[in-house]
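Comments concern the structure below.
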Amino acid sequence: MQRWDSVTIVGVGLIGASIGLALRERELAQAVVGVGRRTSTLRTARQRGAVTSTTTDVTRGVRDSQLIVVCTPVESIATFVLEAAANCPAGSIITDAGSTKFEIVRTVDAGLKNGSRHAAFVGSHPMAGREKTGPAHAQADLFEGRVAVVTPSKQSSAEAVNQVEQFWELLGSKVVRMSPQDH
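Here the numbering used here is used: the first residue of the sequence shown is 558, the next is one more, and so on.
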């Protein structure tokens, strides 16, 4: 079973904090770093046990992580992925939890092709949620039995795709692979 020394979650709202709780409950990560804009949200995520440390600085938050999951609003995902890719250790895997994929994958692939390629990006979308938002409402079992769509691009390595699929499976999801265009 895959285990990570350090996982970073950028955006610790409902989805991000639920990922953190699931990782911690299943003992899949030694450290879970939460990155966010609001210290109050980060504090709640830490108090809930979703993360082991927090920061408002993406560069600092990803510097030691093997896996990075971006759970921000869709319009900011590509920006955060590219920032994380430029500052994480070589060989890191980055995925996201955005509900749309084509534009995110297109922007990230172009950015990674033109910049340094420290990390591999494979898009994904867990089909999970609740009517309430924020880390206060996070659940470790939010992804159990839910579909997680993984959307590799032509730039995605087979190894990176397999790791992202395994990540969602370890959180209890049923993985479906789909192109970013079809998603």
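All residues carry an ideal CB built from backbone N, CA and C; glycine is no exception.
Quick caveat, the model's predicted, so the values are computed rather than measured.
Taking all protein chains shown into account, Gly-702 has fewer than 16 neighbouring C-beta atoms within 10 Å of its C-beta and is therefore exposed.
Going by DSSP, Gly-680 is part of the beta strand (DSSP E) stretching over 680–683.
Contact check for Leu-669 against Gly-686 fails: the beta carbons are separated by 9 Å or more.
By the criterion of at least three beta-carbon pairs nearer than 8 Å, the region 560–573 is in contact with the region 627–637. When the five nearest sequence neighbours on each side are left out, the beta carbons in the same chain lying within less than 7 Å of the beta carbon of Thr-657 are those of Val-631, in order along the chain. Apart from sequence neighbours up to five positions away, the residues of its chain that approach Glu-582 with a beta-carbon distance below 8 Å are Ala-697, ordered along the chain. A Cβ-Cβ distance of about 6 Å is found for the pair Phe-637 and Val-615, placing them in contact under the 8 Å criterion. A straight line joining the alpha-carbon of Phe-678 with that of Val-592 spans about 18 Å.
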